[in-house]
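Residues 17 to 490 (this note's numbering) make up the sequence shown, in order.
Here the structure is laid out as structure tokens; the discussion comes afterwards.
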Amino acid sequence: MKVYKKISVLILTVLCAGCGGNAKKQTLDPVEESDAEKFTATVKYETEVVMDTVIPNPGIRYNEVRKINSSAPPVKLNLAQRPEEKEFNLADYYSKVKYVKLKHPFAEQKKGFLGNAQCEISYEERGGTFISGMNSDIYFTAGNMIAGDFIFGYHCYDREGNFIYTIAVMEELPEYGNKISMQETSETKMIHNFSVFDDNCMILTVQGRKARLDLHNVTSKKTYLSRPYRGGRAMFINPESYISYQYNVLAREPAPFMYSFEIKGDTLCRFMNYNSLVESVQRAYPNPDRGKFYYYNNILTIRQAYNDTIYRMTSPNELTAAYVFDFGERKADVNTALFGDKSDKLIPNGWIETDKFAVIIHTENYDCPANRNNHSVKFFYSYYDKNENKLYRIPFDNFPDDFILSNEIDESLPILFNEMQVYGKNLYTRYTKAHLEMMLKHKSFSSLPVAQQEKTRSMYEDMDESEMLIMILE
17 MKVYKKISVL ILTVLCAGCG GNAKKQTLDP VEESDAEKFT ATVKYETEVV
67 MDTVIPNPGI RYNEVRKINS SAPPVKLNLA QRPEEKEFNL ADYYSKVKYV
117 KLKHPFAEQK KGFLGNAQCE ISYEERGGTF ISGMNSDIYF TAGNMIAGDF
167 IFGYHCYDRE GNFIYTIAVM EELPEYGNKI SMQETSETKM IHNFSVFDDN
217 CMILTVQGRK ARLDLHNVTS KKTYLSRPYR GGRAMFINPE SYISYQYNVL
267 AREPAPFMYS FEIKGDTLCR FMNYNSLVES VQRAYPNPDR GKFYYYNNIL
317 TIRQAYNDTI YRMTSPNELT AAYVFDFGER KADVNTALFG DKSDKLIPNG
367 WIETDKFAVI IHTENYDCPA NRNNHSVKFF YSYYDKNENK LYRIPFDNFP
417 DDFILSNEID ESLPILFNEM QVYGKNLYTR YTKAHLEMML KHKSFSSLPV
467 AQQEKTRSMY EDMDESEMLI MILE
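Here it is as structure tokens:
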């Protein structure tokens, strides 16, 4: 693995609220303003901070607070009832389209971006892993874009698509193609997680049994902290703090589902699990709800798996309710979701939020290949219009993989729901040549507007195997 470049001065300030009161159950009582003492921490890095060990200060700095904003209470989405049916069209929310094409920096070495690829990873003395449908990702930062994947690296581009520099990449790269084979040994340093917040990247690498977390600033092109890491899924709250999501669905006693930490390791807050607990672990089980984590206007937004509330993380110890899913009596508790009869239960399946709308997918029964094949799982598609403050049912009942959103914007390409992403007020998606080829073969392609079909064919013919095309709706 190439070592990420050393770092320079970075001065950041974070304001955290410490609040009293340890609740025994999840509550959403109105809180106008915290009375707790405000704490201001200023961290100044003259050079890159490299930590070989993490020795946090004892104790937890703040108590957990879950609240509602009385001036903007959470939106209740009644998914147990069938709302009014209405077609959804992206042209109702966006009017312009912009394209940016990215050339892979290793194209001369015959490497490129991944589109629906298959990857087989063999491990030294311990089996292997097979990954299908693997795609390169695209992230927007404050002024640039980052594109890539854990195999062929993550690379920074300007907003016009010009390559700037490589952020992280393995030292030895496998052969590029639609089927990739590679070996991970105790000497291989692999990128296991990569996430972006505003202008900062969080990069988790693993070598042997040792994990390391690198925090990298794109504007300065420098890493400002490198440290060992142990814990669950990590994401920035702000450049000085992060969460570690550690929810154990099999827990039989109350325990935290998430912690927040200062980047050097001090524990800022713990968040208790208020979901129901399992009665007993019976056998192999499905896990149909994985929760949701994303940024909305640079605020980390969270839905714990099997919880009905979407929260904004407004500080390292505060969760402010934004949405509540109402499944009524058909909500699946944890024990039923894992081990019980789910045939009449409603389960969240997909969610994306923009500044204008949110699209929701939920199922009756749980989604798995067997249930798809025997038609025992049903999919329901809805969208919430923020301007109208109203929930609508979208007339579509096929699998999410086939969910092409209606899009009558001039010069635009078709968009699959699973490929949509949001940054600020813009919605965007990415295509490789393989993605465009799949779209051309899609069973619904012939029903798309003729101009859109022609645009797709034209873009496909103009694409190189190693390139990525970004479509931005404005």
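Where is the CB? At the ideal position from N, CA and C, for every residue including glycine.
Values in this document were obtained by computation on a predicted structure and should not be read as measured data.
Kindly list the residues whose CB is nearer than 7 Å to the CB of Y181, restricted to its own chain and excluding five residues on each side of it in sequence; keep chain order.
-> As a first step, residue 181 must be located in the sequence shown, where it is residue number 165. The residues are C172, K237.
Is the beta carbon of T445 less than 8 Å from the beta carbon of M475?
-> For this step, residue 445 is matched to residue 429 along the sequence shown. For this step, residue 475 is matched to residue 459 along the sequence shown. No, Cβ-Cβ distance for T445 and M475 is not below 8 Å.
Distance CB(H232)-CB(N216) smaller than 8 Å | Taking the first residue of the sequence shown as 1, we reach residue 232 at position 216. Taking the first residue of the sequence shown as 1, we reach residue 216 at position 200. Yes.
Can you tell me which of S482, V65, G177, V297 puts its alpha carbon nearest to the alpha carbon of N351?
-> Here residue 351 is taken as the residue at index 335 of the sequence shown, counted from 1. Ranking the options by Cα distance to N351, first place goes to V297.
Rounded distance between the beta-carbons of N105 and N423, thought under 8 Å | Start at 1 with the first residue of the sequence shown, and residue 423 comes out as number 407. Start at 1 with the first residue of the sequence shown, and residue 105 comes out as number 89. Contact holds; Cβ gap of about 7 Å.
Are the beta-carbon atoms belonging to S152 and F122 less than 8 Å from one another?
-> The residue labelled residue 152 in the question sits at position 136 within the sequence shown. The residue labelled residue 122 in the question sits at position 106 within the sequence shown. Contact: no.
For V113 and S428, believed in contact at Cβ under 8 Å, the rounded distance = Indexing the sequence shown from 1 puts residue 428 at position 412. Indexing the sequence shown from 1 puts residue 113 at position 97. Right, the Cβ-Cβ distance comes to about 5 Å (below 8 Å), so this counts as a contact.
Could you tell me which residues DSSP puts in a beta bridge with G169?
-> Counted from its first residue, the sequence shown places residue 169 at position 153. Answer is D165, bridged to G169.
Span separating the alpha-carbon of E15 from that of E481 = Residue coverage of the chain in this structure runs from 17 to 490, which leaves residue 15 outside it and unanswerable.
Locate the alpha helix (DSSP H) running through T472, then write down its first and last residues.
-> As a working note, residue 472 is residue 456 in the sequence shown. Run containing T472: 466–478, per the alpha helix (DSSP H) assignment.
Under a three-way DSSP split, which group does P416 fall into?
-> Translated into positions along the sequence shown, residue 416 becomes position 400. DSSP places P416 in helix when its eight states are reduced to three.
Report the three-state DSSP secondary structure of S202 (helix, strand or coil).
-> Walking along the sequence shown from the start, residue 202 turns up at place 186. Three-state result, S202: coil.
If we ignore side chains and look at the alpha-carbon of each, how far apart do R77 and K280 end up?
-> By 1-based counting over the sequence shown, the position of residue 77 is 61. By 1-based counting over the sequence shown, the position of residue 280 is 264. If I take the Cα positions, the gap works out to 14 Å.
Can you tell me whether Q468 is buried or exposed, with buried defined as 16 or more other CB within 10 angstroms of its CB?
-> For this step, residue 468 is matched to residue 452 along the sequence shown. Flag for Q468 reads buried.
With a 10 Å radius around its C-beta and 16 neighbouring C-beta atoms as the bar for buried, classify Q320 as buried or exposed.
-> Position 304 of the sequence shown, counted from the first residue, corresponds to residue 320. Flag for Q320 reads buried.
Range covered by the alpha helix (DSSP H) that runs through H451 = Taking the first residue of the sequence shown as position 1, residue 451 is located at position 435. 449–456 is the extent of the alpha helix (DSSP H) around H451.
Alpha carbon to alpha carbon, how far is R299 from D174? Give it in angstroms, no decimals.
-> As a first step, residue 174 must be located in the sequence shown, where it is residue number 158. As a first step, residue 299 must be located in the sequence shown, where it is residue number 283. Spanning the two alpha carbons is a distance of roughly 50 Å.
Where the alpha helix (DSSP H) containing A386 begins and where it ends = In the sequence shown, the residue the question calls residue 386 occupies position 370. Run containing A386: 385–389, per the alpha helix (DSSP H) assignment.
Which residues in the same chain have their Cβ closer than 6 Å to the Cβ of E295, if we skip the five residues on either side of it in sequence?
-> Working through the sequence shown from its first residue, we reach residue 295 at position 279. So the qualifying residues of the chain are N351.
What are the complete beta strand (DSSP E) segments, minimum 3 residues, inside the segment 349–374?
-> 362–369
L464: which of I425, Q437, K195, N434 sits nearest, CA to CA?
-> In the sequence shown, counting from the first residue as 1, residue 464 sits at position 448. The option with the nearest alpha carbon to L464 is I425.
When you compare each of F419, P364, V66, S331 to T379 by their alpha carbons, which one comes out closest?
-> On the sequence shown, position 363 is the one that residue 379 refers to. Cα-wise, what sits closest to T379 is P364.
Taking all protein chains shown into account, do 16 or more other C-beta atoms lie within 10 angstroms of the C-beta of P72, making it buried, or fewer, making it exposed?
-> Looking up residue 72 in the sequence shown gives position 56. Exposed is the call here.
What first and last residue would you give for the beta strand (DSSP E) that runs through Y192?
-> By 1-based counting over the sequence shown, the position of residue 192 is 176. Y192 -> no beta strand (DSSP E), and no H or E assigned at all.
Assigned exposure category for D413 - 16 Cβ within 10 Å defines buried = Here residue 413 refers to the residue found at position 397 of the sequence shown. The residue is exposed, with fewer than 16 neighbouring Cβ atoms inside 10 Å.
Touching or not, the segment 187–207 and the segment 164–171, by the rule of three or more beta carbon pairs under 8 Å?
-> yes
Are at least three pairs of beta-carbons, each pair with one atom in the segment 455–462 and one in the segment 74–89, less than 8 Å apart?
-> no
Applying the criterion that 16 or more other CB atoms from any shown protein chain within 10 Å of the CB defines a buried residue, is N264 buried or exposed?
-> Against the sequence shown, residue 264 aligns to sequence position 248. Per the 10 Å Cβ criterion, exposed.
Could you tell me if E49 is buried or exposed, where buried requires 16 or more neighbouring beta carbons within 10 angstroms of its beta carbon?
-> The residue labelled residue 49 in the question sits at position 33 within the sequence shown. Any reading at E49 must be qualified, since the residue scores a pLDDT of 42, below 50, and its modelled position is unreliable; no value is offered.
C-alpha gap between Y312 and E141, whole angstroms = Translated into the one-based positions of the sequence shown, residue 312 becomes position 296. Translated into the one-based positions of the sequence shown, residue 141 becomes position 125. One C-alpha to the other measures close to 43 Å.
Just mark N254 as buried or exposed, buried being the case when its beta carbon has 16 or more other beta carbons within 10 Å.
-> Walking along the sequence shown from the start, residue 254 turns up at place 238. Buried, by the Cβ-count rule.
Are the CB atoms of M479 and K449 nearer to each other than 8 Å?
-> Position 463 of the sequence shown, counted from the first residue, corresponds to residue 479. Position 433 of the sequence shown, counted from the first residue, corresponds to residue 449. Yes, they are a contact pair.
Alpha carbon to alpha carbon, what distance is there between K361 and N94?
-> As a first step, residue 94 is located in the sequence shown; it is residue number 78 there, counting from the start. As a first step, residue 361 is located in the sequence shown; it is residue number 345 there, counting from the start. So the two alpha carbons sit approximately 14 Å from each other.
Which of helix, strand or coil does DSSP assign to F122?
-> Position 106 of the sequence shown holds residue 122. Looking at F122 - three-state DSSP - the assignment turns out to be coil, as it is neither helix nor strand.
Would you kindly report the start and end of the unbroken beta strand (DSSP E) that includes T221?
-> For the purposes of this step, residue 221 is identified with residue 205 of the sequence shown, where counting begins at 1. Run containing T221: 216–223, per the beta strand (DSSP E) assignment.
Determine the extent of the beta strand (DSSP E) in which K394 is found, giving its start and end residues.
-> Working through the sequence shown from its first residue, we reach residue 394 at position 378. Note, K394: beta strand (DSSP E), 394–401.
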